[in-house]
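Novice: Quick note: the sequence shown uses UniProt numbering, first residue 1, plus one each step.
C-beta atoms are modelled at their ideal positions from N, C-alpha and C, and glycine is treated no differently.
Mind looking over this structure? Questions follow.
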Amino acid sequence: MAPSQKVYVVGVGMTKFIKPRDLRDYPDMGREAATKALLDAGITYDKVQQAAVGYCYGDSTCGQRTLYQLGMHQIPIINVNNNCSTGSTALYLARQAVEYGIADCTMALGFEKMEAGSLGSKFEDRTNPLDKTMSMMSETRGISAGPFAAQIFGNAGIEYCEKYGATPTHMAKIAEKNHRHSALNPYSQFRDIYTLEQVEKSNKVFGPLTKLQCCPTSDGSACVILASEKFVRENNLQDQAVELVAQSMATDSPKLFNESSIELAGADMTRRAAAEVFAKAGIKPTDVQVVELHDCFSANELITYDALGLCKPGEAHKLIDAGDVSYGGKYVVNPSGGLISKGHPLGATGLAQCSELVWQIRGWCGERQVPNCKYALQHNVGLGGAVVISLYKKAELGSSPKYVDSRKRVGYNPATEAREVTEQEVESVRAKQSSEFMARL
Numbered sequence: 001m002a003p004s005q006k007v008y009v010v011g012v013g014m015t016k017f018i019k020p021r022d023l024r025d026y027p028d029m030g031r032e033a034a035t036k037a038l039l040d041a042g043i044t045y046d047k048v049q050q051a052a053v054g055y056c057y058g059d060s061t062c063g064q065r066t067l068y069q070l071g072m073h074q075i076p077i078i079n080v081n082n083n084c085s086t087g088s089t090a091l092y093l094a095r096q097a098v099e100y101g102i103a104d105c106t107m108a109l110g111f112e113k114m115e116a117g118s119l120g121s122k123f124e125d126r127t128n129p130l131d132k133t134m135s136m137m138s139e140t141r142g143i144s145a146g147p148f149a150a151q152i153f154g155n156a157g158i159e160y161c162e163k164y165g166a167t168p169t170h171m172a173k174i175a176e177k178n179h180r181h182s183a184l185n186p187y188s189q190f191r192d193i194y195t196l197e198q199v200e201k202s203n204k205v206f207g208p209l210t211k212l213q214c215c216p217t218s219d220g221s222a223c224v225i226l227a228s229e230k231f232v233r234e235n236n237l238q239d240q241a242v243e244l245v246a247q248s249m250a251t252d253s254p255k256l257f258n259e260s261s262i263e264l265a266g267a268d269m270t271r272r273a274a275a276e277v278f279a280k281a282g283i284k285p286t287d288v289q290v291v292e293l294h295d296c297f298s299a300n301e302l303i304t305y306d307a308l309g310l311c312k313p314g315e316a317h318k319l320i321d322a323g324d325v326s327y328g329g330k331y332v333v334n335p336s337g338g339l340i341s342k343g344h345p346l347g348a349t350g351l352a353q354c355s356e357l358v359w360q361i362r363g364w365c366g367e368r369q370v371p372n373c374k375y376a377l378q379h380n381v382g383l384g385g386a387v388v389i390s391l392y393k394k395a396e397l398g399s400s401p402k403y404v405d406s407r408k409r410v411g412y413n414p415a416t417e418a419r420e421v422t423e424q425e426v427e428s429v430r431a432k433q434s435s436e437f438m439a440r441l
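Here it is as structure tokens:
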């Protein structure tokens with residue numbers, strides 16, 4: 001089935017990512033992110049024709065419970081769970097609906113309310129979906145008492161060092177960079193800057209990975225509004241629209257079980273999806289200026305540089321040594337601070353990555369702005385497995401004389417200031433035909 005139309009991001013919004021301390025519940029966080037995205041697009045919720053809502057921890061219809069606060073106009077709401085790539089999977093579904101003409105305006109919303117501490121299985125009475133991955137790790141490098149995810153990605157980093165000459169210091173440099181970047185992101189869970197020595201000497205988690213090289217558990221939400229060209233023009237959004245140029249989702253290949261720790265961490269699905277995205281877009285990886293990369297652990301960022309094609313295979317550490325993954329280099333990777341420092345509320349992560357890249361393409365990011373930003377690349381991966389890779393650029397739709405900059409509408413720049421929404425702002429975006437019933441919610 002051939003695609004019928006291009007897809008544009010017209011609105012984004014997110015909450016500040018915070019430590020899981022039961023300070024906010026998911027309906028509250030989801031309402032804030034969705035309201036911000038609708039305010040950014042300058043539309044009310046009744047213009048959204050379909051929604052995909054992502055979360056990993058929660059009962060079956062949390063999406064409906066959250067979005068009903070903005071209106072009950074009976075649109076399809078699809079609840080999504082795809083491990084750490086959940087947010088981007090919601091985006092993938094929302095994009096398909098617009099691309100294939102099912103809807104002119106869709107929403108992808110993601111949120112997570114998490115528990116403190118390392119992730120663990122929540123269901124002990126059934127097969128663990130990562131049982132085969134655990135068996136393969138046990139056969140190759142063994143299983144220790146440390147967090148399972150840290151072992152998977154830590155072993156991948158160890159193998160990369162063994163095969164190509166990288167060192168644990170290269171992984172520490174990645175974490176130092178991402179913590180430094182996060183200091184300029186008001187949405188980040190952590191905004192402290194650490195020296196390389198502090199990163200290397202923080203508490204050991206597994207193998208070469210220290211605490212400051214591992215993402216935290218987080219609470220938070222993010223939301224994206226997608227639209228067709230027709231919708232963009234009808235609503236005078238040409239000036240702020242960002243084109244979702246290409247997107248691909250891939251799952252694991254048989255290489256997952258070829259006794260390689262790098263492949264066990266899902267590297268081959270990243271290679272597949274990246275190749276598809278660049279082929280669809282007709283550009284090369286070197287044409288990209290900014291990347292939001294799924295750095296759940298510094299080791300994953302290391303092995304993903306060449307899986308994405310940002311460098312030749314086995315030369316990720318050379319990219320780091322050349323200073324080509326931060327400002328002033330070939331690419332700026334994780335200007336938001338990445339998962340390591342911005343935080344990782346599983347269902348929101350992919351949509352927060354999208355929000356950052358949209359702000360970067362628009363040129364709204366102030367001190368953390370990547371200069372001359374034409375193409376932006378997003379990488380969001382979940383073990384078990386799924387990866388979604390997305391490519392963005394500024395829309396080429398001309399300008400609208402009726403356009404009102406959304407920063408003027410909300411009264412501040414959401415890329416550089418994290419505010420909570422007011423009740424008046426929530427009311428302003430509610431679906432008008434059902435607003436009389438909202439007092440019950």
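Does the separation of the CB atoms of K177 and V291 fall below 8 Å?
Specialist: no
Novice: Taking C-beta to C-beta, are A299 and F153 nearer than 8 Å?
Specialist: yes
Novice: Using only alpha-carbon positions, find the residue among N380, G382, H379, W359 that is nearest to P371.
Specialist: W359
Novice: If we require 4 or more residues per run, which alpha helix (DSSP H) segments fall completely within the stretch 77-158?
Specialist: 86-99, 131-140
Novice: Closer than 8 Å by C-beta to K201: which residues in its own chain qualify, once you throw out the five before and the five after it? Chain order, please.
Specialist: T210
Novice: Does the Cβ-Cβ distance between Y26 and K113 come in under 8 Å?
Specialist: Yes. Within cutoff.
Novice: Based on the DSSP secondary-structure assignment, which residues constitute the bridge partners of D219?
Specialist: I18
Novice: From Y403, R95, G309, pick the residue whose C-alpha is nearest to that of S4; which is it?
Specialist: R95
Novice: Can the beta-carbon of S253 be found less than 8 Å from the beta-carbon of A273?
Specialist: no
Novice: Roughly how many angstroms lie between the CA atoms of V426 and E32, to the nearest whole one?
Specialist: If you take the alpha carbons of V426 and E32, they lie about 8 Å apart.
Novice: Hey, out of F111, A246, D59, V98, whose CA is closest to C84's CA?
Specialist: F111
Novice: Which whole-angstrom value describes the C-beta separation of A241 and V277, a residue pair presumed to lie in contact below a C-beta threshold of 8 Å?
Specialist: About 20 Å; that fails the 8 Å criterion.
Novice: Looking at the structure shown, is Y68 part of a helix, part of a strand, or coil, going by DSSP?
Specialist: helix
Novice: To which residues does DSSP link N380 through a beta bridge?
Specialist: V388
Novice: Does DSSP put G30 in a helix, in a strand, or in coil?
Specialist: helix
Novice: At the 8 Å Cβ level, is S428 part of the contact set with chain C, yes or no?
Specialist: The displayed structure is made up of one protein chain only, and chain C is not part of it.
Novice: With 16 as the cutoff for other CB atoms within 10 Å, does K47 come out buried or exposed?
Specialist: Label assigned to K47: buried.
Novice: Is it buried or exposed for K342, if we count other Cβ within 10 angstroms and need 16 for buried?
Specialist: Looking at its Cβ environment, which holds 16 or more other Cβ atoms inside 10 Å, K342 is buried.
Novice: Is L23 helix, strand or coil by DSSP?
Specialist: coil
Novice: Would you mind working out which of E229, Q189, E99 sits nearest R21, comparing C-alpha positions?
Specialist: When E229, Q189, E99 are compared, the shortest CA-CA separation from R21 is found for Q189.
Novice: Quick one: any contact between the stretch 378-389 and the stretch 65-73, if contact means 3 or more CB pairs under 8 Å?
Specialist: no
Novice: Roughly how many whole angstroms lie between the Cα atoms of S221 and A352?
Specialist: C-alpha separation (whole angstroms): 8 Å.
Novice: Would you grab the beta carbon distance between F17 and S182 for me? Rounded to a whole angstrom, and I think it's under 8 Å.
Specialist: Not confirmed; about 10 Å, so no contact.
Novice: Tell me the residue span of the beta strand (DSSP E) that contains V242.
Specialist: 242-250
Novice: Apart from the five residues on each side of it in sequence, which residues of its chain come closer than 6 Å, Cβ to Cβ, to G63?
Specialist: V53, I77, N79
Novice: If you draw a straight line from the C-alpha of K173 to the C-alpha of S88, how long is it?
Specialist: 27 Å
Novice: Excluding sequence positions up to five away, which residues of its chain have a Cβ less than 6 Å from the Cβ of G207?
Specialist: Taking C-beta separations shorter than 6 Å and ignoring five residues to either side along the sequence, the partners of G207 in its chain run G154, I158, following chain order.
Novice: Starting from K47 and walking both ways along the alpha helix (DSSP H), at which residues does that stretch end?
Specialist: Taken as a continuous stretch (DSSP letters only), K47 belongs to no alpha helix (DSSP H), as it is neither H nor E.
Novice: For the beta strand (DSSP E) containing K204, name the first residue and the last one.
Specialist: From DSSP, the beta strand (DSSP E) with K204 extends over 204-206.
Novice: Out of curiosity, what's the CA-to-CA distance linking D321 and P414?
Specialist: About 34 Å.
Novice: Evaluate Y412 with the Cβ neighbour count: other Cβ atoms within 10 Å of its Cβ, from every protein chain shown; 16 or more gives buried, anything less gives exposed.
Specialist: exposed
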